[in-house]
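So for the sequence shown, numbering that gives the first Met the number 0 puts the first residue at 0; every next one is plus one.
Note that the Cβ used here is the ideal one computed from N, Cα and C, for glycine as well.
Keep in mind it's a predicted model, so treat the numbers as computed, not measured.
Have a look at the structure below before the remarks.
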Amino acid sequence: MKNLILLFICLAFVSCSSIRVFSDFDTSVDFKEYKTYAFFKPGIDEVEISDLDKKRILKAIEAELDGKELTKSETPDLLINLAVKSSNDVYINQNNGFGFGYGYGFGFWNGWGWPNNNIATVSSQTNGMLFIDFIDTKTKQLVWQGKGKGYISEYTKKRDERIQCFVTEILKNYPPIKE
0 MKNLILLFIC
10 LAFVSCSSIR
20 VFSDFDTSVD
30 FKEYKTYAFF
40 KPGIDEVEIS
50 DLDKKRILKA
60 IEAELDGKEL
70 TKSETPDLLI
80 NLAVKSSNDV
90 YINQNNGFGF
100 GYGYGFGFWN
110 GWGWPNNNIA
120 TVSSQTNGML
130 FIDFIDTKTK
140 QLVWQGKGKG
150 YISEYTKKRD
160 ERIQCFVTEI
170 LKNYPPIKE
């Protein structure tokens, strides 16, 4: 049983590891002051993704923020907005294979030779970028932004897991640590 739990933890870690995450924040802000949040509905309504994906993202954000002691409220300290982008990235892998072999034959090398395999593979995948913005309700200023970029699956079950990974990885950087 312990091995099974360890396996699931490792799989979760590996599945989220391909998401690149960045964040930025206003260094003059004391993030300990923020206790409540709400979603910025007009901004979220304009995000051009399916309503199901919006629900998945919002649900994942709520779960993460509950763990960070932020409470959803009608009179929030923070408004949370979303933005998404997608790109079809092309990857080219060049393999200049080199090998050594021996065989029977005639001539100067007497059967010795080496193959030179020059193989290029081209692949593409759709990558998504999710932006999560935290806006101070008093100043109406952006105080924190997190973004994650990675592969999004077309399959519903994997899509749920992948969106959860995106949000978890992005919100690991909130609240920010001032250096």
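Segment limits, beta strand (DSSP E) that includes residue i
| i | result |
| --- | --- |
| L69 | Neither: L69 is in no beta strand (DSSP E) and is coded neither H nor E. |
| K40 | Note, K40: premise wrong, no beta strand (DSSP E); alpha helix (DSSP H) at K40 to D44. |
| V28 | Careful: V28 lies outside any beta strand (DSSP E) and carries neither H nor E. |
| K146 | L141 to Y150 |
Residues of its chain near residue i, where Cβ-Cβ distance is below 7 Å and the 5 sequence neighbours each way are ignored
| i | result |
| --- | --- |
| L141 | D132 and I134 |
| D159 | R55 |
| E178 | none |
| N80 | F39, G42, I43, D132 and I134 |
| L57 | F38 |
Cutoff 6 Å; reference residue i; Cβ partners in own chain excluding five residues on either side
| i | result |
| --- | --- |
| S86 | N126 |
| K84 | M128 |
| G147 | I18, V20, L129, F165, E168 and I169 |
| V121 | I91 |
| A82 | F130 |
| T93 | Checking the sequence shown, residue 93 turns out to be Gln, not Thr. Excluding sequence neighbours, Q93 sits near A119. |
Contact check, residue i vs residue j, beta carbons under 8 Å
| i | j | result |
| --- | --- | --- |
| F39 | L78 | yes |
| T136 | P75 | yes |
| C15 | T138 | no |
| I91 | A119 | yes |
| D52 | I162 | yes |
8 Å Cβ shell around residue i - same chain, five flanking residues per side excluded
| i | result |
| --- | --- |
| K31 | P174 |
| K171 | V20 |
| V123 | Note that residue 123 corresponds to Ser in the displayed sequence, not to Val. So the list reads N87, D88, V89 and Y90, once near-sequence residues are dropped. |
| K156 | none |
Whole-number beta carbon distance between residue j and residue i, since they are thought to touch under 8 Å
| i | j | result |
| --- | --- | --- |
| S72 | Y33 | With a Cβ gap of about 11 Å, S72 and Y33 do not count as contacting. |
| S49 | Q144 | Contact flag wrong, Cβ pair sits at about 23 Å. |
Worksheet item: Three or more beta-carbon pairs under 8 Å between the region 14–31 and the region 51–70, yes or no?
Response: no
Worksheet item: Does the region 151–166 come close enough to the region 36–50 to have 3 or more Cβ pairs within less than 8 Å?
Response: no
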